[in-house]
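**Student:**
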Amino acid sequence: MFKENKWLRANQTQATTADLSIFEVGYEDVHPRAPYQYEQLDYYLIHFIVQGEGLFFINDELHQLSCGDGFMIPPHTDNNYYPLVGNPWSYRWIGVRGSAAGRVLQAAGLGGSTFTYHHDDVAQLDQLFAGVYQDFANDHFFGALGQFYEIINLLQIDHEQNSRLEVSLHQQYVLDATGLIEDRFQEPDLRIGDIATAVQIERTYLYKLFMHYLGISPKDYLVQYRLNHATQLLRRSQLTIAQVAVQSGFADYSQFSKTFSKYRHLSPSEFRRRSARTTLAPNQDWLRP
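Laid out in structure tokens, this is it:
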């Protein structure tokens, strides 16, 4: 599917925060091969299968996985995975580390004794994984992290919808709030207080719930969602930067430029120029063994 395999890894100076940072990204077309044991990791690694089938072994359990499935490998855990002969899988992966990494993945239902997941909209999740890779490859580490949070939010929604247990009231507040943010992010006067009022909870308590379940504040979630939308428009549309600002929920060009520069570490115009003239120019680029 991908025609080639890529593996990118950050160096120590590229970490975004001590709480959570993207450490590694990649994608791979896997050809049939003999099984072998991977070395234990010191970070979390999450995979998403976009085509084909394979086997995943962890903690003496076997999982047969296919398109739309994914799996997570926690630190310091024996693991093994390989493609099925006749229909080998293609997948993307993201490695994360930091003090909040386990808690964030747990919000998506991953951790404890659960290491696999499924998402019905393969194209949707594939695009987000690809977006994380693209931002990471272009040294836009906060952008990569923002799109990773969108992946986590989708997996959290899946986890809650598929669970036979009743969704807790606290988790429902977060689901309702993220849904409202995603529906109304284009409103420049949208405030977190408005979201809290709409879901009938105090703003300070909403903040605590977001930090607990997503590892990010409601305000930062809104900002990252707007910036992710703006990034796609800058890459793929002919809209002026002022028009991109308006369609992404910013009050004006000045606010958009200031916010974009703060989180992406370059101006919107420079980002558009780089995206137009380069494909991938990573600092490090290896084939995954």
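Note that my numbering has the sequence shown beginning at 13, numbered continuously upward. Built from N, CA and C at the ideal position, the CB exists for glycine as well. Computed from a prediction, not measured in an experiment: that's the story for all the values here.
1. Assuming residue 61 and residue 79 make a contact with CB atoms under 8 Å, what is their CB distance in whole Å?
2. What is the DSSP secondary structure of residue 96, counted as helix, strand or coil?
3. Would you mind sorting residue 74 into buried or exposed? The rule is 16 or more other CB atoms within 10 Å of its CB.
4. Alpha carbon to alpha carbon, what distance is there between residue 108 and residue 35?
5. If you follow the alpha helix (DSSP H) that residue 255 is in, where does it begin and where does it stop?
6. By Cβ distance below 6 Å, which residues in the same chain neighbour residue 111 in space, the five residues on each side in sequence not counted?
7. Whose C-beta lies closer than 7 Å to the C-beta of residue 101 among residues of the same chain, with five residues either side of it excluded?
8. Evaluate contact between the stretch 158–175 and the stretch 201–214, counting only Cβ atoms and requiring at least three cross-stretch pairs below 8 Å.
9. Taking just the CA atoms, how far does residue 271 sit from residue 252?
10. Residue 81 bridges to which residues according to DSSP?
11. Can you give the beta carbon distance from residue 37 to residue 20, rounded, assuming they're within the 8 Å contact cut?
12. Which residue from 155, 59 and 120 puts its Cα closest to that of residue 166?
13. So what's residue 50 in DSSP terms, helix, strand or just coil?
14. Terminal residues of the continuous alpha helix (DSSP H) containing residue 154?
15. Once DSSP output is grouped into helix, strand and coil, what is the label at residue 228?
16. Are the Cβ atoms of residue 130 and residue 276 separated by less than 7 Å?
17. Taking all protein chains shown into account, decide if residue 97 is buried (16 or more other Cβ within 10 angstroms of its Cβ) or exposed.
18. Looking at residue 84: is its Cβ nearer than 7 Å to the Cβ of residue 127?
19. Is DSSP giving residue 123 helix, strand or coil here?
20. Less than 8 Å between C-beta atoms, sequence neighbours within five positions excluded: which residues of the same chain meet that for residue 177?
21. Measuring alpha carbon to alpha carbon, tell me which residue in 238, 146, 180 and 136 is nearest residue 199.
22. Relative to the C-alpha of residue 232, which candidate in 211, 212 and 190 has its C-alpha closest?
23. Taking the straight line between their C-alpha atoms, what separation do you get for residue 217 and residue 288?
24. Going by Cα to Cα distance, which pick from 59, 57 and 93 is closest to residue 72?
25. In whole angstroms, what is the alpha-carbon distance linking residue 123 and residue 260?
26. Between which two residues does the beta strand (DSSP E) carrying residue 192 extend?
27. Tell me, to the nearest whole angstrom, how far the beta carbon of residue 226 is from that of residue 163; I am working on the premise that it is less than 8 Å.
**Tutor:** On the basis of the supplied data:
1. Approximately 6 Å separates the beta-carbon atoms of residue 61 and residue 79; this is inside 8 Å, confirming the contact.
2. Residue 96 falls in the coil class under three-state DSSP.
3. Exposed, since its Cβ has fewer than 16 Cβ neighbours within 10 Å.
4. Approximately 5 Å between the Cα atoms of the pair.
5. Start and end: 253–259.
6. Same-chain partners within the cutoff: 31.
7. So the list reads 42, 61, 63, 64, 65, 66 and 95, once near-sequence residues are dropped.
8. No: the two stretches stay apart, fewer than three of their Cβ pairs being nearer than 8 Å.
9. Note on geometry: alpha-carbon atoms of residue 252 and residue 271 lie some 17 Å from one another.
10. 130, per the DSSP bridge assignment.
11. Right, their Cβ atoms sit about 5 Å apart.
12. Relative to residue 166, the option among 155, 59 and 120 whose CA is nearest is 120.
13. Three-state DSSP puts residue 50 in a strand.
14. Residues 153–174.
15. In the three-state reduction of the DSSP assignment, residue 228 falls in the coil class.
16. No, the Cβ-Cβ distance between residue 130 and residue 276 is not below 7 Å.
17. With fewer than 16 Cβ atoms within 10 Å of its Cβ, residue 97 is classed as exposed.
18. Between residue 84 and residue 127, the CB-CB gap stays under 7 Å.
19. Residue 123 falls in the strand class under three-state DSSP.
20. Residue confidence is low: residue 177 scores 49 on pLDDT, short of 50, so the model does not pin down where it sits. No coordinate-derived value is stated.
21. Among 238, 146, 180 and 136, the Cα nearest to that of residue 199 is on 238.
22. Cα-wise, what sits closest to residue 232 is 190.
23. Their Cα atoms are separated by approximately 43 Å.
24. When 59, 57 and 93 are compared, the shortest CA-CA separation from residue 72 is found for 93.
25. Each residue's alpha carbon lies about 34 Å from the other.
26. Residue 192 -> not in any beta strand (DSSP E); alpha helix (DSSP H) instead, spanning 181–196.
27. Between residue 163 and residue 226 the Cβ distance is about 11 Å, and since that is not below 8 Å, they are no contact.
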